[in-house]
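Peer 1: Before anything else, here's the structure in question.
Rendered as structure tokens:
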């Protein structure tokens with residue numbers, strides 16, 4: 001991990017890729033991190049192993065704050081619950097009825 005500290009950590013990752021190959025599993029603190037350093041390997045990882053690699057780690061505090069990962073930020077994007085939350089946000093919170101249409105500040109007059 002100390003080899004990644006500095007102004008150019010991407011150079012250290014490139015050196016690791018040259019030495020160990022295009023796919024490297026690092027342990028950064030207590031978090032395992034998969035580093036994919038070639039376009040071919042990235043394409044393969046994203047096509048074959050996309051669902052298991054797309055999820056975030058679950059921490060106890062985030063589990064408590066998000067009621068077991070049931071909010072839109074922490075719910076896995078492959079679940080029907082996430083799709084329903086996304087639809088609700090798009091139609092009810094960010095839709096044109098609620099002011100999320102992008103016409104900011106042009107309808108009112110300014111106070112003098």
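Residue numbers (full-length UniProt numbering): 1 to 112.
Virtual Cβ for every residue (Gly too), placed ideally from N, Cα, C.
Rounded C-beta distance between residue 36 and residue 22? I'm assuming under 8 Å.
Peer 2: 7 Å
Peer 1: Just checking my contact of residue 72 with residue 83 at CB under 8 Å: how many whole Å lie between their CB atoms?
Peer 2: Residue 72 to residue 83, Cβ: 10 Å. No contact.
Peer 1: Which residues does DSSP list as the beta-bridge partners of residue 32?
Peer 2: 27
Peer 1: Alpha carbon to alpha carbon, what distance is there between residue 49 and residue 14?
Peer 2: 23 Å
Peer 1: Determine the direct distance from the alpha carbon of residue 92 to that of residue 167, and round the result to whole angstroms.
Peer 2: Any property of residue 167 remains undetermined from this structure, which presents the chain solely from 1 to 112.
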